[in-house]
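Colleague: In this note's numbering, the protein residues as written are 605 to 1104.
Ideal Cβ positions, reconstructed from N, Cα and C, are used throughout, including at glycine.
I am attaching a structure below and will ask some questions about it afterwards.
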């Protein structure tokens, strides 16, 4: 919002901001030409539009709240600058978006909208469990959940907002693949994609809670070219003008589209810093009618920067007693930090440190070198190479009965520790006493089981706790490396590769 206001000023236009949050920079008196300190609802925006004789309203920089106003503002005769009501509706409406993808011959996870529990159950049976369920028109993955059987689906529907034809429940086949996303600018002819973000955690964990890396580390050039072509085609089909965020999942070598949002996403500031491209300024000028070919930002997929940027989420679980810490489709992070280095592992290490993760030390004696491992049965096979990595780095492993047996059976040395039901000294005692420096707990999200109590004890005892094997694998990479020599931010900025 702030950068959009500045871009409007640079273009010789006056900027009016409607916002009533005093903690945001956008409500500072010197950011905009006019500040309307009111909640950004349809009535307030219409009143500000008429009072200031504005030529139009930009919605792309106000998050999902602003995007949701597109329909009501258009009905009131308010001119929308940038992606219009039709673009927003086509992206947000399940059936219209799927129809657009079908016209383009593009794949997305199978699924449909359900207007009742009976329809939702029938769709889930047809697709096969697990499925991803969520209300339509939501922000931050609110109400989104992966369900593995009909009982869980029924329980979800009981606590979810009422399902109606106007507010359906979206039911998708869950694909546990590699998730990537792009932030693009489209002007009707050309598209600009500064870079592609690759998520460390596989699909199923909200993008805001996932560690992500630029440039992508495992996406080959052919797939990157495919992502660019698909982004351009979707932007054109939606009639987007300005910013567009698209999330993809790569599953068994195929590219699937998860969703497209004609607005600024939380990754826009990061990709802008990493590449040196002021994406908001570019999108603002395009929304005003200018062409990318006439702007100094370039087109297509820009060349990768000669360094690695990693975004690591920050959580506030210690201040939220009783909250389940296991990650899923619903966003739980409250912030994010950036790690920059010449290598992926080095950037990742910096990101973990900046996020406040207390890294264990294999060379240290006692607790600082011990890692507690407890893995659910469904993840045990996948966990072996991940945990072996920690053993190879010199960490002392402590594990509960089932996990201990798994590790020993695969030639990985570990000390056995009691489960909670087996009596003290057990896993909670070890965590509360801080006799371990890291907990790897890949278990089911059931509040009454040992996994939940282990995760909460770790949070309340300030012991790092990882709930995803993907995250544990990434941390092992970081622990097995050293960050490169210190460099100034100015050096990184000057080194950013921008193809113009």
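(1) According to DSSP, residue 739 sits in a beta bridge with which residue or residues?
(2) Can you say whether residue 657 is buried or exposed, counting buried as having 16 or more other CB atoms within 10 angstroms of its CB?
(3) May I ask which residues mark the beginning and end of the alpha helix (DSSP H) holding residue 716?
(4) Using 7 angstroms as the threshold, is the C-beta distance between residue 817 and residue 802 below it?
(5) Alpha carbon to alpha carbon, what distance is there between residue 718 and residue 670?
(6) Using alpha carbons as the reference points, say which of 701, 636, 626 lies closest to residue 619.
(7) Quick test of the definition: if touching needs 3 or more C-beta pairs under 8 angstroms, does the region 873 to 882 touch the region 768 to 784?
(8) What span of residues does the beta strand (DSSP E) with residue 876 cover, start to end?
(9) From the DSSP output, which residues share a beta bridge with residue 858?
(10) Cβ of residue 1008 within 7 angstroms of Cβ of residue 1020?
(11) If you check the beta carbons only, do residue 1076 and residue 1035 fall under 7 angstroms apart?
(12) Using CA atoms only, rank isn't needed, just tell me which of 849, 913, 922 is closest to residue 956.
(13) At a cut of 8 angstroms, does the region 978 to 997 reach the region 940 to 955 through at least three beta carbon pairs?
(14) If you draw a straight line from the alpha carbon of residue 648 to that of residue 622, how long is it in whole angstroms?
(15) Starting from residue 1035, trace the beta strand (DSSP E) both ways and give me its first and last residue.
(16) Figure out for me which residue from 857, 856, 837 has the closest Cα to the Cα of residue 850.
(17) Could you spell out where the alpha helix (DSSP H) holding residue 545 opens and where it closes?
(18) Buried or exposed: residue 1066, going by 16 or more other Cβ atoms within 10 Å of its Cβ?
(19) Could you tell me how far apart the beta carbons of residue 823 and residue 784 are, in whole angstroms, since I believe they sit closer than 8 angstroms?
(20) Name the DSSP beta bridge partners of residue 915, please?
(21) Looking only at C-alpha atoms, which of 698, 753, 826, 779 sits nearest to residue 771?
(22) With distance defined between alpha-carbon atoms, name the residue in 779, 831, 865, 766 nearest to residue 694.
(23) Extract the residue ranges of the beta strand (DSSP E) inside the region 1008 to 1095, only unbroken runs of 3 or more that lie entirely within it.
(24) Have a look at residue 916 and residue 811 and give me their C-alpha separation to the nearest angstrom.
(25) Under three-state DSSP, which class holds residue 783?
Modeller: To lay it out plainly:
(1) 773
(2) exposed
(3) Here residue 716 belongs to no alpha helix (DSSP H); instead the beta strand (DSSP E) covers 715 to 718.
(4) yes
(5) 26 angstroms
(6) 636
(7) no
(8) Counting along the chain, residue 876 falls outside any beta strand (DSSP E), though it belongs to the alpha helix (DSSP H) covering 872 to 879.
(9) 855
(10) yes
(11) no
(12) 913
(13) no
(14) 8 angstroms
(15) Note, residue 1035: premise wrong, no beta strand (DSSP E); alpha helix (DSSP H) at 1031 to 1036.
(16) 837
(17) Outside the shown range of the chain (605 to 1104) lies residue 545, about which nothing can therefore be said.
(18) exposed
(19) 6 angstroms
(20) 816, 942
(21) 698
(22) 865
(23) 1042 to 1046, 1068 to 1070
(24) 11 angstroms
(25) strand
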